[in-house]
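Taking it in order: structure first as structure tokens, then the write-up.
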Amino acid sequence: MSTTDQSAPASGAASPGDAPAQRYTAALAAQLELAWQQRWADEGTFEAPNPSGPWGDAAAVAGREPLFVMDMFPYPSGAGLHVGHPLGYIATDVWARYQRMNGRNVLHTLGYDAFGLPAEQYAVQTGQHPRVTTEANIANMRRQLRRLGLAHDARRSISTIDPDYYRWTQWIFREIFESWYDPEFLRPDGGRGAARPISELREAYASGRRQPEDGSTWADLDDVARRRLVDAQRLAYVSDAPVNWCPGLGTVLANEEVTADGRSERGNFPVVKRPLRQWMMRITAYADRLVDDLDRLDWPEPVKAMQRHWIGRSTGAQVRFALLDGPAEGGELEVFTTRPDTLFGVTFMVVAPEHSALDDLPATWPAGTPENWTGGAATPAEAVAAYRAQAAARSEAERTDEGRTKTGVFTGLHAVNPITGTAVPVFTADYVLAGYGTGAIMAVPGQDERDFAFAERFELPVVRTVQPPEDFEGGAYTGAGPAINSSNDDVDLDGLEVAEAKERITAHLERTGAGRAVTTYRLRDWLFSRQRYWGEPFPIVYDEDGLPVAVPESQLPVLLPDVPDYSPRTFAPDDVTSEPSPPLSRVPEWVNVTLDLGDGPKQYRRETNTMPNWAGSCWYELRYLDPQNGQKLVDPEVERYWMGPRAERAVRAADGTAVKDTGGVDLYVGGVEHAVLHLLYSRFWHKVLFDLGHVSSQEPFRRLFNQGYIQADAFTDVRGTYVPAAEVEETTSPTGAREFTWQGEPVTREYGKMGKSLKNVVTPDDMYEAYGADTFRVYEMSMGPLDDSRPWETRAVVGSQRFLQRLWRNVVDEATGEVLVTDAPADPATRALVHRTAAGVAADYEALRFNTAVSKLIELNNELTKLSSVPREAAEAMVLMVAPLAPHIAEELWSRLGHSGSLTFEQFPQADPALLVQQTVTCVVQLQGKVRDRLEVPADITEATLRELALASPALQRALDGRGVRTVIVRAPKLVNVVPA
RNA sequence: GCCCCCGUAGCCCAAUCGGCAGAGGCAGGCGCCUUAAAAGCGCCUCAGUGCGGGUUCGAACCCCGCCGGGGGCACCA
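So in UniProt numbering, spot 42 of the first sequence is number 42, and the numbers just go up one at a time.
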């Protein structure tokens with residue numbers, strides 16, 4: 001390589017006109033960028049040593065703080081990258097390069113999340129095997145990213161479709177399958193509840209320490225019954241519960257993948273609920289820990305809020321109401337409420353249409369049943385049957401669309417309030433959800449808006465049990481206030497505030513046995529199987545009893561078979577009667593196998609579902625650490641080194657106290673769209689691995705940062721058709737409005753995403769070609785704060801190129817290539833500016849404020865440009881400071897300045913504190929907040945002196961215009977504010 | 001409907017603890033260099049912080065109410 005070769009760029013390069021031979025043009029940038037990229041690769045510059053194992057290097061690790069930086073796992077799209085994609089990658093690269101220059105041992109790499117629906121669909125379109133297209137896409141993306149100059153450890157890049165990788169995905173599944181959740185287990189970290197080997201559960205049953213809940217006895221159960229009992233408690237289990245079936249995609253989906261209006265997040269197809277035999281993950285066992293540990297993470301608050309809401313923990317009480325009337329007499333109706341303090345205000349009850357209490361109803365309407373309660377039916381059974389049919393026919397979306405109008409019907413039943421002894425009517429209505437709490441509620445219209453709306457509709461009484469403010473005029477009052485109308489001989493809540501009232505009534509309920517304190521969650525178990533081809537096969541076979549057995553560790557991976565027919569069987573989007581048909585089930589020679597699982601060769605049938613897209617991304621951060629390990633998913637020593645908890649990295653709570661560190665990745669950057677899906681699933685898997693002793697960190701990602709999106713203008717003509725955005729011309733009308741034309745015709749600007757169909761895609765390749773990678777990197781970082789979304793503007797990129805060009809010219813003669821810096825010391829002003837810049841830029845880099853770091857560097861560079869010649873000390877500092885942002889030009893200049901090695905591990909310029917304090921400062925003199933004068937004063941001036949100086953200011957005196965002085969506020973040395981009498 | 005974030009020059013964005021509204025870039029203007037040109041050089045223009053109140057000696061920043069934009073949730077008892 002020839003980094004010091006000062007000959008002109010290759011003649012074939014697109015160098016405009018007769019530009020000086022050594023001008024920093026796109027062509028010269030390309031030349032030196034490619035050369036440096038090759039040198040970094042050849043020298044393994046960014047390969048991070050491990051403390052042990054195949055890449056272990058104790059000497060290289062000693063004395064350097066480890067730092068683990070990650071980007072969210074990209075999916076290798078067939079369309080390639082556009083300029084919006086690398087934003088986060090550049091940001092993490094700048095940060096990581098900066099940290100390396102401060103002595104950190106940085107691990108930064110990027111792998112590919114290559115299984116999943118989009119890869120399969122793309123393969124279907126192109127008629128090729130998904131592996132072929134996916135691997136081609138990965139190769140293209142690797143090329144685009146290498147050209148960007150990312151300082152990744154290429155050895156650690158993994159791909160989820162690699163059998164050496166998915167072997168461990170299957171291994172983790174196996175670990176989860178072979179575990180149950182013991183809520184009593186005392187964890188090493190002090191908490192209660194942990195995943196434990198399933199053998200412990202079996203032993204507990206065998207020894208009699210634990211009894212089956214259904215009253216049976218372990219000793220009396222046959223082998224199959226015992227297995228069913230144990231299987232039902234595994235963390236990965238088979239369930240027949242209703243699931244989200246999406247005919248249009250031909251697969252089932254997790255709750256997290258279904259939108260609020262009942263459609264698939266991907267493809268926007270209708271989704272219906274129907275019972276199907278599917279694999280589930282018991283994520284609900286971790287609900288409490290997933291909520292509680294959010295407080296220990298340095299994550300954006302909105303993401304934490306979304307996870308908290310998704311988990312939806314609410315505390316309250318379950319209360320039992322005795323049923324009267326008809327065949328149900330003697331039965332009970334159990335409700336969940338977060339407001340047990342309002343029990344005195346219960347005037348009716350509501351059960352979900354699916355509730356089992358509706359199976360036994362009185363034969364006739366009770367005497368005096370109002371006409372509008374019956375739905376026009378002759379008997380309660382008919383009314384309820386009709387309502388159930390109506391509710392079942394309604395989709396999730398329709399139920400929501402109906403908005404505020406409550407529907408429902410009386411069941412003929414009454415139930416007795418256990419506190420007041422009053423009998424209240426029981427209704428069924430679809431505003432009560434079967435899947436939450438107990439599927440039944442006590443209705444308190446005085447304190448609940450939904451209940452109030454229902455009560456109005458059916459003319460039910462309203463009893464207030466919380467005193468609203470005097471000016472309150474609404475229906476239901478949900479706010480704070482003292483309890484009223486809430487006492488009898490046994491219990492008295494009157495006058496208590498809501499929280500106290502809850503406490504007292506809950507204690508009373510527990511004492512009398514009428515209820516108990518209970519916590520419920522919105523979170524459901526995670527539906528884990530998909531009827532697709534392009535995913536990880538389950539390491540599961542079924543024996544002659546039809547029960548699942550894990551494939552032994554020694555037989556992993558279970559390879560995804562090559563099949564002629566890999567395309568999924570999909571259906572008309574509204575075909576609700578369709579049945580899932582996994583592609584793997586159509587390969588009988590793969591499905592039916594003879595295996596010896598320890599008791600001789602037997603026939604088994606393989607699981608034909610595959611894992612969801614999320615599986616591979618649930619643990620990939622761990623494999624980055626030790627990708628070549630054939631014995632373990634990660635060497636525990638290596639995991640502890642990179643991700644283990646460290647007291648000094650703990651986040652601070654709101655009150656400033658340090659929270660116990662969870663460990664995990666030091667910086668994880670990606671889009672906010674994964675707030676609940678990927679980030680919740682991977683936290684769950686990580687905690688299981690922690691419980692089972694495979695990792696020392698309690699959370700996968702200690703710090704999370706959500707980058708914004710780069711958006712782009714798109715333009716439509718009069719017909720509404722998109723026109724090529726690159727060809728649109730902008731003019732400013734006489735009135736100052738911006739106007740846009742394409743081929744002379746006016747077009748309309750739309751602001752949105754970048755995409756092929758919008759004809760507004762700009763690719764990194766376009767930018768490399770026109771400006772070079774460094775310019776592109778600087779521009780992306782200078783556009784605005786990393787977490788803001790902002791519009792792409794190609795014509796503005798030139799500003800970043802001018803900056804690098806000026807930097808180049810400050811060091812190198814454009815015509816001769818001669819190095820121009822002088823060895824004379826910098827003048828004090830220049831030196832001070834260099835040090836101020838170093839301090840500011842370091843702080844900006846550290847805090848991911850790259851836009852302001854760029855502006856400080858431009859400012860310094862502009863100052864250096866004004867000097868007759870640039871002193872070496874300033875030039876070298878400048879080069880080192882710009883290196884994280886524009887590494888190629890920095891390496892090249894560093895090299896031309898006479899250094900033989902890469903600057904990757906050079907110390908980032910450190911500011912001398914003595915040079916940061918300014919000798920004199922400008923003090924503003926204000927009169928009532930308005931600036932009237934400016935004074936140059938010594939930085940260490942005393943308040944009294946400054947006060948006198950300011951009051952003596954002629955400009956101030958003029959402004960005072962003879963008025964007296966009431967107060968003088970002095971903030972030495974920068975400000976004096978005079979308040980006139 | 002509820003919750004969260006954001007509104008600063010024609011555009012993208014700075015302003016560290018409530019203390020001089022402008023760091024940087026784009027676009028625009030003038031000039032220089034040039035046979036010519038710009039992806040060159042120099043200089044310049046441009047806002048009083050979405051609107052209305054309040055607190056304060058002092059508000060882009062804190063509080064209240066609107067308006068506009070973005071995101072999340074949406075019968076979760």
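Idealized CB from N, CA, C, for every residue including glycine.
Candidates F690, Q707, P724: closest to R175 by CA position: The sequence shown places Glu at residue 175, not Arg. If we check each option's Cα against that of E175, F690 comes out closest.
Could you say if the segment 341-351 and the segment 419-428 meet the contact criterion of at least three C-beta pairs nearer than 8 Å? Inter-segment contact for the segment 341-351 and the segment 419-428 is present: three or more beta-carbon pairs are separated by less than 8 Å.
For D774, the nearest candidate out of A29, Q22, A21 (CA to CA): D774 has its Cα closest to that of A29, out of A29, Q22, A21.
Taking buried to mean at least 16 other C-beta atoms within 10 Å of its own C-beta, is G964 buried or exposed? By the 10 Å Cβ count, G964 comes out exposed.
C-beta atoms of V821 and L897 nearer than 8 Å: Yes, the pair counts as a contact, with Cβ atoms nearer than the cut-off.
What are the residues that DSSP puts in a beta bridge with T251? Checking the DSSP bridge columns, you'll see T251 partnered with C246.
Which value, in whole angstroms, describes the spacing of the CA atoms of I858 and F803? Cα-Cα distance, rounded: 6 Å.
Are three or more beta carbon pairs between the segment 927-944 and the segment 61-75 nearer than 8 Å? No, the segment 927-944 does not touch the segment 61-75.
Under the three-state DSSP convention, the category R605 falls into: In the three-state reduction of the DSSP assignment, R605 falls in the strand class, which pools E and B.
Figure out for me which residue from Y122, R155, P51 has the closest Cα to the Cα of E43. Proximity to E43 across Y122, R155, P51 peaks at R155, based on C-alpha coordinates.
Helix, strand or coil at A8 according to DSSP, with G and I counted as helix: Interpretation of A8 is limited by its pLDDT of 33, a score under 50 that renders its predicted location unreliable; the figure taken from the coordinates is listed afterwards. In this structure, A8 counts as coil in the three-state DSSP scheme.
Could you pull out every residue in the same chain whose Cβ sits closer than 7 Å to the Cβ of Q910, ignoring the five residues on either side in sequence? Excluding sequence positions up to five before and after Q910, its CB lies within less than 7 Å of the CB of A838, all in the same chain and listed in chain order.
Starting from A770, trace the alpha helix (DSSP H) both ways and give me its first and last residue. 764-770 is the extent of the alpha helix (DSSP H) around A770.
Does DSSP classify G515 as helix, strand or coil? Three-state result, G515: strand.
Using DSSP with H/G/I as helix, E/B as strand and the rest coil, what is N977? Strand, per DSSP.
Within 10 angstroms of its Cβ, does H686 collect 16 or more other Cβ (buried), or is it exposed? Residue burial annotation: H686 is buried, with at least 16 other C-beta atoms found within 10 angstroms of its C-beta.
Which stretch, first to last residue, makes up the alpha helix (DSSP H) that contains Y477? It is not in any alpha helix (DSSP H) - Y477 carries neither H nor E in the DSSP assignment.
By DSSP's criteria, E936 is part of a beta bridge. Which residues make up the other side? Per DSSP, the beta-bridge partners of E936 are T922.
Three-state secondary structure assigned by DSSP to G964: Reduced to three states, the DSSP call for G964 is coil.
For S789 and R266, what's the separation of their Cα atoms in angstroms? Near 23 Å, if we compare the C-alpha coordinates of R266 and S789.
Close-in-space but distant-in-sequence residues of the same chain around A60 (CB under 6 Å, 5 per side omitted): Scanning its chain for C-beta atoms nearer than 6 Å, with the 5 sequence neighbours on each side dropped, one finds around A60 the residues P49, in chain order.
Hey, would you say T126 sits closer than 8 Å to T133, going by beta carbons? Yes, Cβ-Cβ distance for T126 and T133 is below 8 Å.
Extract the residue ranges of the beta strand (DSSP E) inside the UniProt domain "Methionyl/Leucyl tRNA synthetase" (72-176), only unbroken runs of 3 or more that lie entirely within it. As far as the UniProt domain "Methionyl/Leucyl tRNA synthetase" (72-176) is concerned, its whole beta strand (DSSP E) runs of at least 3 residues are 105-108.
When DSSP builds the beta bridges, which residues end up paired with K273? K273 pairs with N244.
Three-pair Cβ contact test at 8 Å for the segment 532-539 versus the segment 579-586: Yes: the two stretches touch, three or more of their Cβ pairs being nearer than 8 Å.
Would you kindly work out how many angstroms separate the C-alpha atoms of A501 and L633, rounded to a whole number? Rounded to whole angstroms, A501 to L633 spans 52 Å at the Cα level.
Please name the residue or residues paired with G56 in a DSSP beta bridge. Its beta-bridge partners are N50.
How about the segment 220-229 and the segment 246-261: do they share at least three Cβ pairs that are nearer than 8 Å? Taking one beta carbon from each stretch, the segment 220-229 and the segment 246-261 have fewer than 3 pairs nearer than 8 Å; the two do not touch.
In whole angstroms, what is the alpha-carbon distance linking Y768 and R147? Those two C-alpha atoms are separated by around 8 Å.
Residues bridged to N592 (per DSSP): For N592, the beta-bridge partners assigned by DSSP are R605.
Closer than 7 Å by C-beta to F68: which residues in its own chain qualify, once you throw out the five before and the five after it? Chain order, please. Counting only Cβ-Cβ distances below 7 Å, and skipping sequence neighbours, we find L107, W642, M643, V665, D666.
Could you check whether the segment 229-238 touches the segment 270-284, counting it as contact only if at least three pairs of C-beta atoms, one from each stretch, sit closer than 8 Å? They touch, by the three-pair rule.
Of the listed residues A328, D574, I419, nearest to F269 (C-alpha basis): Check the Cα spacing between F269 and each of A328, D574, I419: the tightest is with D574.
N-terminal and C-terminal residue of the beta strand (DSSP E) that H414 is part of: Here the beta strand (DSSP E) through H414 covers 409-416.
Decide yes or no for the touch test of the segment 156-173 against the segment 513-527: beta carbon pairs closer than 8 Å, at least 3 of them. Fewer than three pairs of CB atoms, one per stretch, sit closer than 8 Å, so the segment 156-173 makes no contact with the segment 513-527.
On a CA-only basis, which of G474, Q467, L867, A328 is nearest N485? Give me that one, please. N485 has its Cα closest to that of Q467, out of G474, Q467, L867, A328.
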